[in-house]
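In order, the protein sequence lines correspond to chains X and B. For the first sequence, the residue numbers in my numbering are 1 to 258. For the second sequence, the residue numbers in my numbering are 259 to 525. Don't be surprised by glycine CBs; every beta carbon is placed ideally from N, CA and C.
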Amino acid sequence: MWSGWRRLRRWALRLAGLGTLVVVWQTLSSLGYLNTLLFPPPSAVAATLIDLLRDGSLLENSWASIQRVLAGFAMASIVGIAFGILLGWSELASEVLKPIIEVIRPIPPIAWTPLAILWFGVGNSPSYFLVFIGAVFPVFVNTYVAVRGIEKSQINAALCLGARPMLILTDVIVPAALPMIFPGLRIALGVGWMCVVAAELIAAQSGLGYMIQQSRMMLMTSSVLAGMLTIGAIGYAANSLMLMLERRVMRWRSEAVS
Amino acid sequence: MASSAISIRGVSKRFAGRDDASGTLALARVDLEVRKGEVLMLLGPSGCGKSTLLNIIAGFLAPSEGEVLQDGALVSRPDPRRTVVFQDYALFPWKSVQENVEFGLKAKGVPKADRRRRAREVLRTVRLNGFEERYPHELSGGMKQRAAIARAIAVDPEVLLMDEPFGALDAQTRVLLQEELARISAETGMTIIFVTHSIDEAVFLGDRIVVMSARPGRIRELHDVSLSRPRLPDIRSDPEFRRLADGLWESLRKDWQHEASQVAAAV
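1. Leaving aside the five residues before and after B/Asp-346 along the sequence, list all residues of the same chain whose C-beta is less than 8 Å from its C-beta, in chain order.
2. Output yes if chain B places a C-beta closer than 8 Å to the C-beta of X/Pro-175; else output no.
3. If we count Cβ pairs, one from each stretch, closer than 8 Å, do we get three or more for the segment 88 to 95 of chain X versus the segment 155 to 162 of chain X?
4. Which of the three DSSP states is assigned to B/Phe-424 in this structure?
5. Looking at the structure shown, is B/Asp-482 part of a helix, part of a strand, or coil, going by DSSP?
6. Assuming contact is defined by CB atoms lying nearer than 8 Å, are X/Thr-48 and X/Ala-233 in contact in what I supplied?
7. Say whether chain X places a C-beta atom closer than 8 Å to the C-beta of B/Met-259.
8. From the DSSP output, in three-state form, read off B/Asp-458 for me.
9. I want to verify the contact list: residues of chain X whose CB lies under 7 Å from the CB of B/Gly-399, in sequence order.
10. Can a CB atom of chain X be found closer than 8 Å to the CB of B/Val-365?
11. Can you check whether the CB of B/Val-292 is closer than 8 Å to the CB of B/Leu-285?
12. Counting only C-beta atoms, is X/Asn-156 closer than 8 Å to chain B at any point?
13. Counting only Cβ pairs nearer than 8 Å, list the residues of chain B close to X/Ser-153.
14. With a CB to CB cut of under 6 Å and the five nearest residues on each side skipped, what residues in its chain are close to B/Leu-327?
15. Check B/Ser-471 in the structure and name its three-state DSSP category.
16. Span of the alpha helix (DSSP H) holding X/Leu-130?
17. Work out the CA separation of B/Pro-351 and X/Ala-256 for me, nearest whole Å.
18. Does the Cβ of X/Trp-89 have 16 or more other Cβ atoms within 10 Å, making it buried, or fewer, making it exposed?
19. Decide if X/Ile-100 is buried, meaning its Cβ has at least 16 other Cβ atoms within 10 Å, or exposed.
20. Leaving out the 5 sequence neighbours to the left and right, which residues in its chain are closer than 7 Å to X/Leu-34 when beta-carbon positions are compared?
21. For X/Leu-58, count the other beta carbons within 10 Å of its own beta carbon; 16 or more makes it buried, fewer makes it exposed. Which is it?
22. Classify B/Ser-484 as buried or exposed, calling it buried when 16 or more other Cβ atoms lie within 10 Å of its own Cβ.
23. Measure the alpha-carbon distance for B/Arg-404 versus X/Ala-64 and round it to whole angstroms.
24. Ordered along the chain, which non-local residues of its own chain (more than five positions away) have a Cβ less than 8 Å from that of X/Ile-168?
25. Check the C-beta distance from B/Val-384 over to B/Ala-410 and give it rounded, since I have them as a contact under 8 Å.
26. For X/Val-122, collect the residues of the same chain with a Cβ closer than 7 Å to its Cβ; drop the 5 residues on either side in sequence, then sort them by chain order.
27. Measuring straight from C-alpha to C-alpha, what distance separates B/Val-417 and B/Met-448?
28. To the nearest angstrom, how far is it from the Cα of X/Pro-108 to the Cα of X/Leu-130?
29. So, for B/Lys-402: in the same chain, excluding its five sequence neighbours on each side, which residues have a beta-carbon less than 8 Å away from its beta-carbon?
30. Figure out for me which residue from X/Gly-207, X/Gly-4, X/Gly-149, X/Gly-17 has the closest Cα to the Cα of X/Pro-126.
31. Can you tell me the Cα-Cα spacing of X/Thr-113 and X/Val-196, whole angstroms?
32. Could you name the residues that DSSP lists as bridge partners for B/Ile-266?
33. Have a look at X/Val-79 and X/Ala-135 and give me their C-alpha separation to the nearest angstrom.
34. Under a Cβ-count criterion, where at least 16 other Cβ atoms within 10 Å of its own Cβ denotes burial, should B/Gln-356 be classed as buried or exposed?
35. With a threshold of 16 other CB atoms inside 10 Å of the CB of X/Ser-3, please say whether the residue is buried or exposed.
36. Check whether the Cβ atoms of B/Arg-362 and B/Pro-338 lie closer than 8 Å to each other.
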């Protein structure tokens with residue numbers, strides 16, 4: 001009963017913040033304080049959103065962006081986790097590969113765009129590549145740190161019980177690292193989403209990034225804003241989905257937290 | 259000598275130092291025969307190398323010199339014929355109690371149904387039945403250690419190695435678990451090598467007590483405990499118990515005073 005009220009109150013407060021922003025924005029436009037050509041009011045953005053939904057272009061472009069992120073993110077997850085475990089486990093691999101990774105890691109994904117276009121042209125491929133570049137490092141770093149941090153006594157316990165390397169990998173290392181791998185995946189998905197938009201601004205013929213870039217050229221500011229809002233909403237939804245998945249997979253842990 | 263479960267022959271361990279090339283000598287020429295079925299206590303101040311010795315017996319560490327044999331065969335790596343109970347339990351928090359206990363059997367390739375049956379049986383032995391589906395974080399420290407003991411004995415090891423297993427528990431739980439272990443060891447007849455800081459624990463559980471001295475760790479004294487088995491709680495008031503405990507206290511007093519003053523100096 002009380003927790004129900006508290007939840008209601010929390011949601012009311014959240015909506016109040018958002019609502020106030022919209023009302024102030026709309027009012028400033030109506031009173032003529034904002035240049036509606038460059039910064040259209042929420043009503044216009046909402047109308048555009050509805051139009052874009054009706055003609056199907058919003059869904060089409062959203063889907064184009066989403067599937068690019070999924071492809072790049074999937075590759076990044078596999079490579080990031082594999083290398084994180086390899087370097088976290090093997091001192092030799094770590095010594096040899098860590099310097100290479102540490103030099104590439106600080107390069108912002110945007111700086112890879114020219115190469116991506118030269119290598120892959122225009123279309124899906126440069127987007128896959130840029131999402132991959134952006135997403136692989138958060139996954140790698142979290143996995144690496146997690147594997148490095150595994151309690152020695154847990155590995156020893158597994159060894160003295162007769163576990164072979166494969167069983168240690170599947171039953172000890174991976175589950176022990178999961179609580180850190182998951183936040184890494186969540187960050188990676190966020191970065192990947194930013195990267196796909198950046199890639200589409202420059203090197204694609206579809207997607208939300210492409211859509212807002214095209215709208216800018218035709219001075220359709222409300223379409224630009226509608227596209228931006230969609231990007232924000234999908235990013236938020238993706239993050240929430242990952243959080244839900246995280247809680248499900250690590251039930252042994254979330255029980256302790258809740 | 260045929261009745262030795264573990265033979266430790268001239269074992270030394272030197273850890274590489276950060277600055278000096280010689281490093282630290284943690285163990286110096288330790289010779290020891292561990293008899294089949296006995297409970298052998300390794301007692302000494304911290305830094306005496308008793309945990310290092312246990313890790314070498316387990317096969318986690320290689321000795322710098324000398325060798326460890328189990329039934330005449332050289333120990334070179336961990337093996338389920340010697341399982342370990344750790345001070346920090348080292349349970350797998352993502353596995354239920356049941357799954358933790360089944361782990362060694364799973365590694366052995368035991369079929370699922372047999373695994374389940376054996377794990378339940380062992381959990382009954384350590385009096386954890388009813389907690390099979392719980393996760394480690396839902397258990398008290400004493401229960402975690404019971405689960406860890408169950409996991410270690412589920413694979414039927416010949417030797418159970420215990421590294422200050424009750425060191426992190428409160429005094430009451432500690433005494434209860436000592437009594438449980440005395441019962442389990444009487445029931446199974448397993449060889450147990452048990453590292454401890456506590457004189458009382460050493461006398462209560464041990465058939466023999468090895469007293470080690472620090473820096474470098476070596477064996478200083480070896481005592482036979484002639485108290486009868488099974489060890490029941492009232493044995494603590496036996497005059498022989500007191501005599502042994504007092505003797506060990508006198509012998510170790512200097513080391514502990516030294517340790518305490520070093521801790522004080524470090525603080």
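With the given structure in hand:
1. Ala-426
2. The C-beta of X/Pro-175 comes closer than 8 Å to at least one C-beta of chain B.
3. no
4. Reduced to three states, the DSSP call for B/Phe-424 is coil.
5. strand
6. No, the pair does not count as a contact, with Cβ atoms beyond the cut-off.
7. With a pLDDT of 44 at B/Met-259, under the threshold of 50, the modelled position of this residue cannot be trusted; read the value that follows with caution. Cβ-Cβ to chain X under 8 Å: no for B/Met-259.
8. helix
9. Result: empty, since nearest Cβ-Cβ is about 15 Å, beyond 7 Å.
10. According to the sequence provided, residue 365 of chain B is Ala. The question's Val does not apply to it. It does; some Cβ of chain X falls within 8 Å.
11. no
12. yes
13. Phe-344, Asp-346, Ala-348
14. Ser-265
15. strand
16. 124 to 148
17. In this predicted model, X/Ala-256 has a pLDDT of only 44, less than 50, meaning its place in the structure is not dependable enough to derive any value.
18. buried
19. exposed
20. Contacts found: Leu-28.
21. buried
22. exposed
23. 55 Å
24. Ile-155, Ala-158, Leu-159
25. Not really, about 10 Å apart at Cβ, beyond 8 Å.
26. Ala-203, Ala-204, Gln-205
27. 6 Å
28. 10 Å
29. Tyr-347, Leu-349, Pro-394
30. X/Gly-207
31. Linking X/Thr-113 to X/Val-196 through their CA atoms gives a straight-line distance of about 11 Å.
32. B/Leu-290, B/Val-326
33. Each residue's CA atom was taken as its position, placing X/Val-79 and X/Ala-135 some 10 Å apart.
34. buried
35. exposed
36. Before going on, a small fix: residue 362 of chain B reads as Gly here, not Arg. Yes.
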